[in-house]
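Chemist: Residue numbers (the working numbering): 30 to 114.
The beta carbon of each residue, even a glycine, is placed where N, CA and C say it ideally should be.
Structure in C-alpha cells, see below.
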C-alpha cells in the first residue's frame, strides 16, 4: 500500500470532515454539522451500528461516514507499516 500524505488525507476528507476553530473549538466534525467524528467512534465502540448513528444524526450522509471510516483505516494501516519499517 502506498503511503498516504497529509495533503492526500486532507483532500480525501474535504467535504466530509471539517476542522474549524469557530466550531466546537476546532474539534473535527462531519461537514456542515456540529457532530464530532468522535461521536461516531463512540457509537461504534459501544456496539451500536452505523445505522443507529445515522438514525440519531440523520443530517450526516451515509457516504460521509464510510468515507471517514475508510480513510481512518488507511491511515492507521499506513502508520503501522511506517512504524514497523
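For residue 109, count the other beta carbons within 10 Å of its own beta carbon; 16 or more makes it buried, fewer makes it exposed. Which is it?
Modeler: That one is exposed.
Chemist: By a C-beta neighbour count over all protein chains shown, 10 Å radius and 16 as the cutoff for buried, is residue 54 buried or exposed?
Modeler: Result: exposed.
Chemist: How is residue 46 classed by DSSP in three states: helix, strand or coil?
Modeler: The answer is strand: DSSP assigns residue 46 an E or B state.
Chemist: Which term fits residue 30, buried or exposed, when burial requires 16 or more other beta carbons within 10 angstroms of its beta carbon?
Modeler: Note on residue 30: pLDDT 45, under 50, position unreliable in the model; no value is reported.
Chemist: Suppose you measure from the CA of residue 49 to the CA of residue 114; what does that come to, to the nearest Å?
Modeler: If you take the alpha carbons of residue 49 and residue 114, they lie about 34 Å apart.
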